[in-house]
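Enquirer: Quick one: the structure is below, questions incoming.
Protein chains in written order, with my numbering: chain A, 1 to 145; chain B, 146 to 605.
Put into structure tokens, the structure is as follows:
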């Protein structure tokens, strides 16, 4: 799945990037922002009422430059992520694992009789009623507390 | 009357802008609140938006982000931002049960109900506290010192974060003294440096061969998207129907109580509120959904209260949110200032009245509920797919690099850019190594500006 044109991958600030792409993205992001800010300072700022407003306008253009630079990078460099549809979730096996984990952490599975009718209805609608109901009937047989 | 109408319309405009922008940013997993909301709000302040518009913008932005952050959290199993982390365990369990859409709906409904309750409750608490405001303001340098130590102790770093405050504060004092000799007075650059510190530290680390082993990867990041389950009809699901009566009550109570605990870390309050409610629910399914609704509700109420109460009652940023993501509402020189010597403030505290805080706070929550809530309810899946397929992490980092350069050059030329890098690198490493988070560092900044001069007077 990893294409060779990506170069070395690395996890930076919480997500995977390609080192060469990151280097280029930093340069593009910096240069585009500076060009926009420079244009603002030279052409827009002198038109403003006060120098302070002029500089603020130039900064606003610079911020637009940041976003433009980001958009260019988004077009040039594809995300380093594989997005797949989760097939296991919702299957009986995964559902049992969730219940196992809840019990392992000391949580109770609980009794359907304790639930308000609206929650029982919600469980029926999501098709999870049997998952929890069957588990409850099995739990006492498994281990008497 | 025309003036008032114009003021309200401007506030609506900025509120819509904040809600749309931060609904989008909320979808991008891992976008820290401080790193995103603080710089953009600062920009709004600097560009001269009227006070009511600034408040509406900030509040709509924060409330929207804490709605759409539920999308990556529920569907991708990756926390949308810092406050989404306490929701991850329950969200993942619901995902594995095959009901991520229920998790999403409970989180969003909890957020709407909680946000609407938090605004009036926070205003009420602020009014109760306001008479003590003048004492607090007079003692500001010392209160900041105590607050800095407390917030540091309650961060992940505990005592090491408390100890870390000393060198960190000294770095800021030293930088200020040096830039002062060059006739450059900076404030925004410190905020930005602290806010994006973790990114700066990561970029420096990425360039170091020593860190290559920790950071290098050989595979793409794998993400699994929960299957699509169409759960509801209509465009605007009624939050009171999404939650059952117990959940509505629990969310409302948690919102009201968490609005009062404005000095504590929002993450901690979110965790505790979830535990308190979870302990009262025996059935596992009901517990999962109730905890999700309550916790996401609390991410809204803590943010709202921690910004509004200090803003209305004191005008001093005396909470983790006020010192972090909401910092530009308090301090954005030259427009908004907190004076070091006198403790005198000039910010939204002076510019808006209590009824205005209430009105524009509710307006912001209403706008966020009209924009972020239905958007996340109806387009969660498409949005999650778009962000993970089209927006590369390289592009996000490139945008932030541009932001540092533009804001730095604007405030104080190249010197300011270097100050941002210095504060960012030091702060980012302190965060990663000691667990001294950005909220603690913001308090360190205030200690440098407010407490250090008072301390020096005392010592000499």
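Yeah, the Cβ is synthetic: ideal placement off N, Cα and C, and Gly gets one too.
1) Smallest Cα separation from residue 401 of chain B: which of B/366, B/256 and B/584?
2) How would you write the range of the alpha helix (DSSP H) that residue 288 of chain B sits in, first residue to last?
3) Using a Cβ-Cβ cut-off of less than 7 Å, list which residues of the stretch 414 to 431 of chain B approach chain A; keep chain order.
4) Identify every run of the alpha helix (DSSP H) within the stretch 482 to 554 of chain B, keeping only runs that are complete inside it and at least 4 residues long; order them along the chain.
5) Is there a Cβ of chain A sitting closer than 8 Å to that of residue 578 of chain B, yes or no?
6) Below 8 Å on the Cβ atoms is my contact criterion, and I expect residue 510 of chain B with residue 272 of chain B to pass it. Report the Cβ-Cβ distance as a whole number of Å.
7) Going straight from the alpha carbon of residue 160 of chain B to that of residue 214 of chain B, what length do you get?
8) Going by DSSP, what residue range makes up the alpha helix (DSSP H) through residue 170 of chain B?
9) Could you tell me the boundaries of the alpha helix (DSSP H) in which residue 85 of chain A lies?
10) Starting from residue 370 of chain B, trace the beta strand (DSSP E) both ways and give me its first and last residue.
11) Excluding the 5 residues preceding and the 5 following residue 596 of chain B in the sequence, name in chain order all residues of the same chain whose CB lies nearer than 6 Å to its CB.
12) For residue 543 of chain B, return the contacting residues in chain A, with the cut-off set at a CB-CB distance below 7 Å.
13) Whole angstroms are fine: how far does the CA of residue 283 of chain B sit from the CA of residue 576 of chain B?
14) Would you check if there are 3 or more beta carbon pairs closer than 8 Å linking the stretch 507 to 521 of chain B to the stretch 198 to 214 of chain B?
15) Since residue 436 of chain B is in the alpha helix (DSSP H), which residue starts that stretch and which ends it?
16) Along the beta strand (DSSP E) that carries residue 11 of chain A, what are the first and last residues, could you check?
17) Between residue 25 of chain A and the rest of its own chain, which residues show a CB-CB distance below 7 Å, the 5 nearest in sequence each way excluded?
18) According to the neighbour-count rule (16 or more other Cβ atoms, all chains shown, within 10 Å of its Cβ), is residue 136 of chain B buried or exposed?
19) Run the CB neighbour count on residue 354 of chain B, radius 10 Å, all protein chains shown included, and call it buried at 16 or more, exposed below.
20) Check the C-beta distance from residue 357 of chain B over to residue 573 of chain B and give it rounded, since I have them as a contact under 8 Å.
21) Buried or exposed: where does residue 601 of chain B fall if 16 or more other Cβ atoms within 10 Å of its Cβ makes it buried?
22) Please report how far the alpha carbon of residue 190 of chain B lies from the alpha carbon of residue 429 of chain B, in whole angstroms.
23) Near residue 8 of chain A, which residues of its chain fall below 8 Å by C-beta distance, leaving aside the five closest residues on each side in sequence?
24) Can you tell me whether residue 610 of chain B is buried or exposed, with buried defined as 16 or more other CB within 10 angstroms of its CB?
25) Taking the alpha carbon of residue 607 of chain B as the point to measure from, which residue in B/336, B/171, B/155 and B/238 has its own alpha carbon closest?
26) Is it buried or exposed for residue 91 of chain A, if we count other Cβ within 10 angstroms and need 16 for buried?
27) Considering only residues of the same chain and omitting the five flanking positions on each side of residue 1 of chain A, which have a CB-CB separation below 7 Å?
28) Alpha helix (DSSP H) containing residue 100 of chain A: first to last residue?
29) Rounding to the nearest angstrom, what Cα-Cα distance links residue 568 of chain B and residue 106 of chain A in this structure?
30) Measure the C-alpha to C-alpha separation of residue 212 of chain B and residue 325 of chain B and round it to an integer number of angstroms.
31) How about residue 331 of chain B and residue 561 of chain B: are their beta carbons less than 8 Å apart?
32) Apply the 10 Å Cβ neighbour rule to residue 311 of chain B and answer buried if 16 or more other Cβ atoms are within range, or exposed otherwise.
33) Does the CB of residue 50 of chain A have a neighbour CB from chain B at under 8 Å?
34) Can you give me the Cβ contacts of residue 440 of chain B inside the same chain, cut-off strictly under 7 Å, excluding the 5 residues immediately before and after it?
35) DSSP three-state call for residue 692 of chain B: helix, strand or coil?
36) Whose Cβ in chain B lies nearer than 9 Å to the Cβ of residue 106 of chain A?
Expert: With the structure as the only source:
1) From the listed residues B/366, B/256 and B/584, the smallest Cα separation to residue 401 of chain B is found for B/256.
2) 285 to 298
3) 427, 428, 429, 430 and 431
4) Within the stretch 482 to 554 of chain B, the complete alpha helix (DSSP H) runs of at least 4 residues are 493 to 496 and 499 to 535.
5) no
6) Contact flag wrong, Cβ pair sits at about 19 Å.
7) If I take the Cα positions, the gap works out to 18 Å.
8) Start and end: 147 to 172.
9) That residue, residue 85 of chain A, is in no alpha helix (DSSP H); its beta strand (DSSP E) goes 81 to 85.
10) 366 to 370
11) So the qualifying residues of the chain are 286, 289 and 290.
12) Within chain A, the residues 25, 26, 28, 29, 69, 70 and 73 have their CB atoms less than 7 Å from the CB of residue 543 of chain B, given in chain order.
13) 31 Å
14) yes
15) Under the DSSP assignment, residue 436 of chain B falls in the alpha helix (DSSP H) whose first and last residues are 429 to 458.
16) Where residue 11 of chain A is concerned, the enclosing beta strand (DSSP E) stretches over 9 to 12.
17) 73 and 77
18) Because chain B is modelled from 146 through 605, residue 136 of chain B falls outside the range shown and cannot be assessed.
19) exposed
20) Contact between residue 357 of chain B and residue 573 of chain B is ruled out by a C-beta separation of about 18 Å, above the 8 Å threshold.
21) Exposed, since its Cβ has fewer than 16 Cβ neighbours within 10 Å.
22) In a straight line, the C-alpha of residue 190 of chain B is about 47 Å away from that of residue 429 of chain B.
23) So the qualifying residues of the chain are 18, 19 and 20.
24) It is not possible to answer for residue 610 of chain B, since the shown part of chain B is limited to 146 through 605.
25) Within the shown structure, residues of chain B are numbered from 146 to 605, placing residue 607 of chain B beyond reach of any answer.
26) Exposed: under 16 other Cβ atoms inside 10 Å.
27) Legend: pLDDT at residue 1 of chain A = 45, less than 50; position of this residue unreliable, value from coordinates given subsequently. If we look at residue 1 of chain A and ignore the five residues flanking it on each side, its Cβ neighbours are 82.
28) 92 to 104
29) 44 Å
30) Residue 212 of chain B and residue 325 of chain B have their C-alpha atoms some 42 Å from each other.
31) yes
32) Label assigned to residue 311 of chain B: exposed.
33) no
34) 231, 232, 415, 418 and 419
35) Shown here, chain B extends from 146 to 605; a query on residue 692 of chain B therefore has no answer.
36) None at all; the shortest Cβ gap to chain B is about 11 Å.
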